[in-house]
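Heads up: the structure comes next, in structure tokens.
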Amino acid sequence: WKIGKSYSDFKEQIESRGFKRVGSSETTDEAYDGILAYNTYFISDDALTLLSIEFTLPESTDEITTHLISMAKFGGDNVEIFLTRNANRPIGLFAPQEYSYLNLPMQHDTFKLLDIHKARIKEAAGKLIAIDSDALEFVRKMENDWQNANIEYGILNNKRDVDELGILTSEGKYRLWIESLLLTYFGYAPKC
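Be aware that the sequence shown starts at 25, since it is given in the working numbering, and climbs by one per residue.
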């Protein structure tokens, strides 16, 4: 967690809304030239929403990205994972079929984003499911889901081809380029 009064106040606001800190991680993202990010994870008291706050380095930027994750069940075993975030850097990937993904890069207020996330779930009218696994384990599973789906969709290269061809296929590079242009000049990203 970053040091400073405003960050400390922000953390207290999160906790006052019924979230508790459950872990943190450090990420190197090779697809974006090794940008390093620190993630802190919070889970709601009812374990229905996982909140990830990401601080992107270098330290000179005050960029905070918020990821909100919830799971809902729709009849039988059909589970959908809702992911709402406000990242203003491109992702360049397709969301796996069981994910409902929404990126709002112009929404910088974490708590308004939380309200939007809750409204999306309410509108879908599914029965929310508690996130019963460890937060870091759950996030790693999500990352694997996205990686496997995008290998299947032809956006990412297979692990065995990464050394020779790089992480992204030519289609993946094109998607990343288009998304970068849209985010930079128009402030929105295409739907995954």
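Where a beta carbon is used, it is the ideal one built from N, C-alpha and C, also for glycine.
Inset, instruction - Using the Cα positions of Thr108 and Arg144, report the straight-line distance between them to the nearest angstrom. - result: 9 Å
Legend entry - Uninterrupted alpha helix (DSSP H) stretches inside the segment 99-164 (no shorter than 4 residues): 134-148
Legend entry - Beta carbon of Ser40 nearer than 9 Å to that of Thr64: no
Legend entry - Start-to-end residues for the beta strand (DSSP E) that takes in Leu74: Leu74 to Thr80
Legend entry - Selected residue, minimal CA-CA separation from Met95, among Gln121, Ile88 and Gly150: Gly150
Inset, instruction - Answer yes or no: do Ala61 and Glu78 have a C-beta to C-beta separation smaller than 9 Å? - result: yes
Inset, instruction - Evaluate the contact criterion for the segment 131-145 versus the segment 170-185: three or more CB pairs, one atom per stretch, below 8 Å. - result: no
Inset, instruction - Answer with buried or exposed for Ser30, where buried requires no fewer than 16 other C-beta atoms within 10 angstroms of its C-beta. - result: exposed
Inset, instruction - Closer than 6 Å by C-beta to Leu200: which residues in its own chain qualify, once you throw out the five before and the five after it? Chain order, please. - result: Pro114 and Gly116
Legend entry - Straight-line Cα distance separating Glu167 from Leu301: Given that the chain is displayed from residue 25 to residue 216, the structure contains no residue 301 and the question cannot be resolved.
Legend entry - Secondary structure of Asn182, DSSP reduced to three states: coil
Legend entry - Local conformation of Gly28 per DSSP, three classes: coil
Inset, instruction - Evaluate the contact criterion for the segment 191-205 versus the segment 116-133: three or more CB pairs, one atom per stretch, below 8 Å. - result: yes
Legend entry - Thr193 to Leu207 span [Cα, whole Å]: 21 Å
Inset, instruction - Report buried or exposed for Gly196, applying the criterion of at least 16 other Cβ atoms within 10 angstroms of its Cβ. - result: buried
Legend entry - Cα-Cα separation between Thr89 and Thr134, rounded to whole angstroms: 9 Å
Inset, instruction - Assign Leu205 to one of two classes, buried (16 or more other C-beta atoms within 10 Å of its C-beta) or exposed (fewer than that). - result: exposed
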